[in-house]
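Reviewing the structure listed below.
There are 2 protein chains.
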Amino acid sequence: MAKRVYVVGLGPGDQKYFTAQARAALEDAQVLCGYTVYVDLVSGLFPDKETYATPMRREIDRCRWALETAEGGKTVALVCSGDAGVYGMAGPVLQLAPQFPEVDVEVIPGVTSALSGGALLGAPIGHDFCVISLSDLLTPWEVIENRLRRAAQGDFSVVLYNPASHKRADYLQKACDILLDAGVSPNTVCGCVRNTGRPGEESRILTLAELRDTHLDMFSTVFIGSSTTQADHGRMITPRGYEKKQNL
Amino acid sequence: MAKRVYVVGLGPGDQKYFTAQARAALEDAQVLCGYTVYVDLVSGLFPDKETYATPMRREIDRCRWALETAEGGKTVALVCSGDAGVYGMAGPVLQLAPQFPEVDVEVIPGVTSALSGGALLGAPIGHDFCVISLSDLLTPWEVIENRLRRAAQGDFSVVLYNPASHKRADYLQKACDILLDAGVSPNTVCGCVRNTGRPGEESRILTLAELRDTHLDMFSTVFIGSSTTQADHGRMITPRGYEKKQNL
């Protein structure tokens, strides 16, 4: 019998973002596990399945539990918001997996916030972009600062994950100051989305100078345009190139 | 009556990657349009719907046709591979949309190659990353070169879209040389995926030095690790941080 863990990216938090593949993995699994909020999202669809929910900080325990449970003979779906790989559980599960050589791990991708939030704003990452997390829980701040500076020097569009939390109330302001200091124009078109795919979904477009003085929460994702990004009739659009060859 | 264009990201090319939202938009539409290959993918599911397929280079015509057809009263789904926004059609449709003020444009995100290819390899973009296209059709090569150099200086994981074509046979080699010149180790863990979600799907892990001398085609996506990326039991994994606080 196959011993299997699916690591499933669910998208931003509404069933409409589930892929057919994600749904099939949830159906195939005997046990659904993950952070409490996401287990609640899927257990409503499959009320008869066994569940195992853990608080946010117990991620490695959750990965180990999933592998142990699969080794014991049950197919497990470990669910993540967004994509399974982007700051997700696929990495730690695969790092632990060699300790469970009989267990097959299948990673199932999902719609990460850069895509779902981008769709709400328009097309902010229509050309080359970077994704950077402002959380310094596992990453030294100097690494984050250097990445912000290099992203600015490369004229990338930038998507910021984890732009703020209670303990990091001023991190977004610090990040904006690094970009401004690296020469990004204060008039650069930026966007914020909040609660994508959930009650209270909202998005807005603003300048980098305005973004610097904006207070966000941990349910937000931030988009900072490149030099070519435009605000056009309420949409944030980064053209797919230096469109001289196209007649729009 | 609502006059609407859905710009729909289908994922890499198999129905299993469709989101529920994408499928609902295809069902709601009266006309399915896009590049021939993707129209063929969806028209098989909805054989009774009107279709309009155009060759690859006629993208702006296709966007305009979609908006004109919606203005005429038909709901249109303009389909793209991967995500609707990432090098996709959402940008040009939204740039043209102000010429069609009665038409509502809804962007529907999808699983882009960085996510679907990443899942095949393991978790190559588990931490901060850049996405860069090597196509210089719409972007000067100097811009691409600068972005590669800044990505290297920022120690990002890098995903390369459009790594090669007939006309750009040596671009991947040039890109690898730029990264090596910027100080990226030739032993950096890299990955290639090809035909994700399609017949002939394949993936492999190799070093940056090996990647430099590899010939790929336009159906490939390339992943170049950061300094922390590991090859572990056949998987490419970028840990979610400088994991000192985690006990794996």
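Here the protein sequences come in this chain order: R and B. 5 is the number of the first residue of the first sequence in the working numbering; add one for each residue after it. 5 is the number of the first residue of the second sequence in the working numbering; add one for each residue after it. Yeah, the Cβ is synthetic: ideal placement off N, Cα and C, and Gly gets one too.
Residues of the stretch 85-98 of chain B with a C-beta less than 8 Å from any C-beta of chain R: D87, A88, G89, V90, Y91, G92, A94, G95, P96, L98, listed in chain order.
Listed in chain order, the beta strand (DSSP E) runs fully inside the stretch 58-94 of chain B are 80-84, counting runs of at least 3 residues. Between the stretch 32-46 of chain R and the stretch 100-112 of chain R there are fewer than three C-beta pairs closer than 8 Å, too few to call the two in contact.
For R/R151, the enclosing alpha helix (DSSP H) starts and ends at 145-157.
Note on geometry: alpha-carbon atoms of R/A213 and B/A179 lie some 34 Å from one another. Residues of the stretch 127-139 of chain R that bring their beta carbon within less than 9 Å of a beta carbon in chain B comprise A127, P128, I129, G130, H131, D132, F133, C134, V135, I136, S137, S139, in sequence order. For B/Y165, the pairing in a beta bridge is given by DSSP as B/S137. B/S207 and B/L124 have their C-alpha atoms spaced approximately 7 Å apart. At the C-beta level, B/V188 and B/C84 stay beyond 9 Å of one another. One Cα belongs to R/H131, the other to B/V163, and the distance between them is close to 13 Å.
DSSP places B/R27 inside the alpha helix (DSSP H), whose first and last residues are 24-32. Contact annotation: the stretch 86-104 of chain B does not touch the stretch 42-60 of chain B, with fewer than three C-beta pairs closer than 8 Å.
The beta-carbon of R/T79 is placed no less than 9 Å from the nearest beta-carbon of chain B. Looking at the DSSP output, B/S224 shares a beta bridge with B/R198.
The beta-carbon separation of B/V107 and B/R8, rounded to 7 Å, stays under the 8 Å limit for a contact.
The straight-line gap separating the alpha-carbon atoms of B/D140 and R/R172 is approximately 40 Å. Of all residues in the stretch 5-19 of chain R, the ones placed with a Cβ closer than 8 Å to any Cβ belonging to chain B are G13, G15, Q19, in chain order. Within the stretch 94-139 of chain B, the complete beta strand (DSSP E) runs of at least 3 residues fall at 107-112, 133-137. Annotation: R/E54 to B/V80 spans about 42 Å, alpha carbon to alpha carbon. Nearest C-alpha to R/T233 among R/I241, R/F227, R/V226: R/I241.
Taking CB atoms only, R/R172 has no neighbour in chain B less than 9 Å away. B/T211 and B/P190 do touch by the CB rule: their CB atoms are close to 6 Å apart, below 8 Å. Within chain R, the C-beta atoms nearer than 9 Å to that of B/S120 come from P113, in chain order.
Within the same chain, Q34, V35 come within 7 Å of B/K78 by CB-CB distance, once the 5 residues on both sides are set aside.
A residue is called buried when at least 16 other Cβ atoms come within 10 angstroms of its Cβ; B/S117 meets this threshold and is buried.
Pairing B/T200 with B/S230 gives a Cβ-Cβ distance that is not under 9 Å. The beta carbon of R/E72 sits closer than 8 Å to the beta carbons of F104 from its chain, once the five residues preceding and following it are set aside; these are given in chain order.
Partner residues in the beta bridge of R/D236, as assigned by DSSP, are R/R239. DSSP, reduced to helix, strand and coil, places R/L212 within a helical segment of the structure shown. Excluding sequence positions up to five before and after R/L45, its CB lies less than 6 Å from no other CB in the same chain. Under the DSSP assignment, R/V41 falls in the alpha helix (DSSP H) whose first and last residues are 40-47. B/L36 sits in a strand when the DSSP states are folded into three classes. Around the Cβ of R/V41, a 10 Å sphere holds fewer than 16 other Cβ atoms; the residue is exposed. Between the C-alpha atoms of B/L49 and R/P128 there is a straight-line separation of about 31 Å. Pairing R/S161 with R/R198 gives a Cβ-Cβ distance that is not under 9 Å.
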